[in-house]
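For the sequence shown, the UniProt record's numbering begins at 1 and goes up steadily by one.
For every residue, glycine included, the Cβ atom is placed at its ideal position computed from N, Cα and C.
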Amino acid sequence: MLEFGDDDGDGDGDEVESWSLNLEVNLQLISNSESTLIDRPPPFSDQVLENVLENVLCFLTSRRDRNAASLVCKSWFNAEAQSRPELFIGNCYAVSPARAIFRFPRIRSLILKGKPRFADFNLVPSGWGASFSPWVAAMASAYPWLQRICLKRMTVTDADLALVACSFPSFRDLCLICCDGFTTAGLAAIAENCRCLHSLDLIENDVEDDEDEVVDWISRFPPGKTCLESLVFDCVKFIVNFEALEALVARSPSLWRLRVNEHVSVGFLCRLMAWAPQLTDLGTGSFSSLDEEDDFDDTLELAFKASKSLVCLSGFRDLAPEYLRAIYPVCTNLISLNFSYAQITAEQLKPVITNCHNLQILWILDSVRDEGLQMVAATCKKLRELRVFPLDATEDSEVSVSDVGLTAISEGCQKLQSILYFCQSMTNAAVVAMSKNCQDLVVFRLCIMGRHRPDHLTGEPMDEGFGAIVNNCKKLTRLAVSGLLTDKAFAYIGNYGKSVRTLSVAFAGNSDLGLSYVLEGCPNLQKLEIRDSPFGDSGLLSGIHHYYNMRFLWMSSCKISLKGCMEVARRLPLMGLEVITDSLEDDNNGVVEKLYMYRSLVGPRNDAPPFVKLL
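Structure follows, in structure tokens:
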């Protein structure tokens, strides 16, 4: 699914840094000089007091709180390390596996991210890196009690999955998001050997089998009653053994989430739902019949009537509109509805959405047009998150939504906290209205398709609209800007966007001054991604004071030079700087096509491919 920037809606707590560079720097200072911590209490000598401290720290669930506690003194630092059960690393090259294991020896859950976020747009060449292999090799002996692994944009091999399956006897949860490198053989190893498996969630991955080498991985789950609670495989493009899947669902009484792939028709879906009336989260697969002569309409409606616990619905690939009425019985209870693969019209949406009074999350295609969004605004007063994706992402698409739909949403859904909105045209007035009506916004991503598109009514830049968003929405932490923007818009962001942590910029700005406004004015900025904008060396160097506090900076198709990048590398030796080219033959006369900069505790990585130059 096309998105601007990163989804980060996977529940991995990306909004909080789990491991700050400052924390590691303080550790080094403590080791080198006992005078670096002012008024610190003496180290605990009583083991009882140390145990008490660890038990108290266990009540700190926020990663930010735990990081703060670890900086109190050396004793707290050690106690926090010994008691932390979950490790989140937002960049697999920010730290080595050995150092992570030494620092946190009792981890039971790992969340690890790899490739830059713009990998979703194919801007990162294949083979860039982010291999899971060194991590799993190190953890296999160090963390025998590991229970959960969540990977995002990592390269995972079948051997890695086999090692996971045989190394952790109590392993329960595997979540792979936007990963590649593995096949159904790796999935078979997990299914067969992880006897305590509670969840296997495969989300937007590239499963790389050849058609004649697909393994029947569903059949590899052990016989008998299972512990399975969540099974998501809607991204797996191969046909599964339906009889084995049905048997697996039947012997999984704790299963609450099931999302199947497009090869599961509504007929098969009915049978699965009959075995699992306890499901609260269902991904429907194709939502059409494999056999045109089959009529499952009534049977499907009965299946949904019997599924009284359903609160989340997704899937609907290859939607047959006549089957939509089957979901009417569950609409009243729905909290989340994902129509992002269903090309439905406003007329088809109406009987569904008018019953969704409790809906909090809605993903939908712009095929519903402004009329569909007006229906949403009239009904879904509890809506917290809205994503409107483009059916056709080209600049001249005739199917789209506009400022009319955005204005309706802002007036009708004033509890909105997160919005991703693709459109062909927009006005400042509509964005200003949203900033006033939805002041609880935490995420605002407006993607006006096409380059440098102004307010379509006045012809003015979109500066005032985005200025109003950062000025009126004080909780805003994530912002994506688009359309015709001048340096004035970035001045607004620098002046008012004090809480912004993630900023995505495309085809915007006049000069380096715009970038300077952001880097000098946004103290909490963690992630900055820029493409096709006129920022050069002067703008890049204006952030020298702040880069150590950021997780990463991505710049592509801008005006930065190799000389400017090397100057940053010279002045910030603890930052990792990578200059990426699309091919070894690229020669841009010193102009850098892609820069990826991130903080690192271990220096340059040793697995960079030839098209990556490490500075």
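{"Query": "Cβ of Cys380 within 9 Å of Cβ of Leu406?", "Result": "no"}
{"Query": "Out of Glu322, Leu197 and Ala429, which has the shortest C-alpha to C-alpha gap to Asp463?", "Result": "Ala429"}
{"Query": "Report all residues from its chain with a CB closer than 8 Å to the CB of Met144; omit the five preceding and five following residues, and keep chain order.", "Result": "In the sequence under discussion, the amino acid at residue 144 is Pro, which differs from the Met named in the question. Contacts found: Ser167, Phe168 and Pro169."}
{"Query": "Could you check which residue in Gly412, Phe121, Leu614 and Pro390 has the C-alpha nearest to that of Leu446?", "Result": "Pro390"}
{"Query": "Given 8 Å as the limit, is there contact between the stretch 62 to 82 and the stretch 117 to 134, that is, 3 or more CB pairs closer than that?", "Result": "no"}
{"Query": "Can you look up Gly283 in the DSSP assignment and give me helix, strand or coil?", "Result": "strand"}
{"Query": "Around the Cβ of Thr502, are there at least 16 other Cβ atoms within 10 angstroms (buried) or fewer (exposed)?", "Result": "buried"}
{"Query": "Could you check which residue in Ala98, Leu146 and Asp180 has the C-alpha nearest to that of Gly129?", "Result": "Asp180"}
{"Query": "May I have the straight-line CA-CA distance separating His456 from Val602, to the nearest angstrom?", "Result": "49 Å"}
{"Query": "So which of Lys415, Tyr421, Lys115 and Arg478 has the shortest CA-CA distance to Val404?", "Result": "Tyr421"}
{"Query": "Taking Asn205 and Cys235 to be in contact with their CB atoms under 8 Å, please state how far apart those CB atoms are, rounded to whole angstroms.", "Result": "5 Å"}
{"Query": "Between the Cα of Leu528 and the Cα atoms of Ile344, Ala188 and Thr477, which residue gives the shortest distance?", "Result": "Thr477"}
{"Query": "Helix, strand or coil: which one does DSSP assign to Asp201?", "Result": "strand"}
{"Query": "From the DSSP output, in three-state form, read off Ile469 for me.", "Result": "helix"}
{"Query": "With DSSP as the reference, please indicate the residues paired to Ser538 in a beta bridge.", "Result": "According to DSSP, which records beta bridges pairwise, Ser538 is partnered with nothing at all."}
{"Query": "Would you list the residues sitting across from Lys559 in a DSSP beta bridge?", "Result": "Gly536"}
{"Query": "Would you check if the distance between the CB atom of Lys475 and the CB atom of Ser499 is smaller than 9 Å?", "Result": "yes"}
{"Query": "Cα-Cα, which of Pro523, Trp135, Tyr341 and Ile530 is closest to Leu110?", "Result": "Trp135"}
{"Query": "Quick check on DSSP: helix, strand or coil for His551?", "Result": "Here the sequence assigns Arg to residue 551, which means His is not the residue at that position. If DSSP states are grouped into helix, strand and coil, Arg551 belongs with coil."}
{"Query": "Between the C-alpha atoms of Val124 and Cys473, what's the straight-line distance to the nearest angstrom?", "Result": "33 Å"}
{"Query": "Given Arg259, which residues of its chain have a CB within under 6 Å of its CB, disregarding the five upstream and five downstream residues?", "Result": "Val232, Asp234 and Gly283"}
{"Query": "Of all Cβ atoms in chain C, is any one closer than 9 Å to the Cβ of Glu398?", "Result": "Given the protein chain composition of this structure (a single chain), no chain C is represented."}
{"Query": "Got a sec? Which residues, its chain only, sit under 7 Å from Cys58 by beta carbon, not counting five neighbours each side?", "Result": "Ser83"}
{"Query": "Between Pro609 and Lys415, what straight-line distance do the alpha-carbon atoms span, to the nearest angstrom?", "Result": "47 Å"}
{"Query": "Could you check what DSSP says for Asp392 in three-state terms: helix, strand or coil?", "Result": "coil"}
{"Query": "Would DSSP call Arg445 helix, strand or coil?", "Result": "strand"}
{"Query": "Looking at the strands, I want to know which residues DSSP matches up with Asp180.", "Result": "Thr155 and Asp206"}
{"Query": "For Asn524, is the classification buried or exposed, using 16 other Cβ atoms within 10 angstroms of its Cβ as the cut-off for buried?", "Result": "exposed"}
{"Query": "Could you tell me the alpha carbon to alpha carbon distance between Ser482 and Asn510, rounded to whole angstroms?", "Result": "13 Å"}
{"Query": "Just the C-alpha distance for Pro351 and Arg605, rounded to the nearest angstrom, thanks.", "Result": "55 Å"}
{"Query": "Does the beta-carbon of Lys308 have 16 or more other beta-carbons within 10 angstroms, so that it is buried, or is it exposed?", "Result": "exposed"}
{"Query": "Just reading off the beta strand (DSSP E) that Cys73 is part of, what are its end residues?", "Result": "Per DSSP, Cys73 belongs to no beta strand (DSSP E) and is neither H nor E."}
{"Query": "Report the CB separation of Leu615 from Cys565 in whole angstroms; it is logged as a contact under 8 Å.", "Result": "6 Å"}
{"Query": "Taking contact to mean 3 or more Cβ pairs, one atom from each stretch, closer than 8 Å, check whether the stretch 238 to 257 and the stretch 217 to 228 are in contact.", "Result": "yes"}
{"Query": "Could you please give me the residues that DSSP links to Thr502 through a beta bridge?", "Result": "Arg478 and Lys527"}
{"Query": "Could you check what DSSP says for Phe88 in three-state terms: helix, strand or coil?", "Result": "strand"}
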